[in-house]
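Residue numbers (our numbering): 609 to 891. Accompanying notes for the structure given below.
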């Protein structure tokens, strides 16, 4: 009896141990599978992380390159802008740029100083305001017009298809030529040239030409009067020499009379040629 119970307990214990071993083995297999899955997943995540990291690094490098290119382009544009502005400031002539509505965009010091109101002028001021201030300050001779009307007339030129140039006399005596052009985008480029020296030379040439013409006319008139007097005398000499030739008593007297006549006719021919040349010069 006792032996049967012992065998039964032993068998039960053995069955439980085998069941536990099977459970443990199953658990180990599941753990191994789970571990393998975790390792595989970790490997995938690692590769994905490394790939994303490499992509991010390349993207960052690309972004940095783009940012650097933008910075370099901005620096070049800024340098070009500064160079252009320095060149405009170094010009002897006035320069200004207005937008399509007539508002000032930029102007160099030479241009602003012409209007004697540089401290009051700034980008955004309308051209009528700029010319109006100049007229009120007496910078230019505006005749009998009011400053407002004169300023409107100056700006109205910009409405024409081809903007005409015009000259203004500054209060300091300079003669200034305004040359304005409309560019394709609608802006107005205004150049102001000091043509005082050119105008003085033109006036000097005009004066010299008038004086030369006056002298030529005086010379022509003098030669005409003198030629008339000489022609009268020569005709008289020729007439007398012809009479002497006809009344000569011998060959010697005839020769003398003919010599006088021929010389007078030659001199008369020279006088007539001189008068013709003088008339041609006068014309």
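Where is the CB? At the ideal position from N, CA and C, for every residue including glycine. None of the values given here were measured: they were computed from a predicted structure.
Smallest Cα separation from residue i: which of the options?
i           : options               : result
residue 699 : 689, 706 and 715      : 715
residue 719 : 818, 673, 860 and 797 : 797
residue 866 : 827, 851 and 711      : 851
residue 799 : 717, 663, 750 and 623 : 717
residue 880 : 643, 711, 862 and 831 : 831
For residue i, verify whether its CB is less than 6 Å away from any heavy atom of the ligand FMN.
i           : result
residue 816 : The ligand FMN is absent from the structure shown, which contains no ligands of any kind.
Name the two residues that bound the continuous beta strand (DSSP E) containing residue i.
i           : result
residue 775 : 774–777
Helix, strand or coil, according to DSSP, for residue i in the structure here?
i           : result
residue 704 : strand
residue 699 : coil
residue 626 : helix
residue 753 : coil
residue 771 : coil
residue 667 : helix
residue 729 : coil
Let me check one thing: in DSSP terms, what residues is residue i bridge-paired to?
i           : result
residue 784 : 776 and 802
residue 711 : 734
residue 748 : 778
residue 797 : 705 and 789
Using only the alpha-carbon positions, how far apart do residue i and residue j sit?
i           : j           : result
residue 708 : residue 771 : 14 Å
residue 764 : residue 697 : 27 Å
residue 785 : residue 816 : 24 Å
residue 755 : residue 748 : 10 Å
residue 690 : residue 701 : 18 Å
residue 838 : residue 806 : 47 Å
residue 776 : residue 782 : 8 Å
residue 746 : residue 713 : 24 Å
residue 759 : residue 680 : 44 Å
residue 844 : residue 873 : 11 Å
residue 878 : residue 864 : 21 Å
residue 859 : residue 868 : 14 Å
residue 752 : residue 774 : 18 Å
residue 660 : residue 668 : 12 Å
The alpha helix (DSSP H) with residue i in it runs from where to where?
i           : result
residue 721 : 717–722
residue 856 : From DSSP, residue 856 is part of no alpha helix (DSSP H); its letter is neither H nor E.
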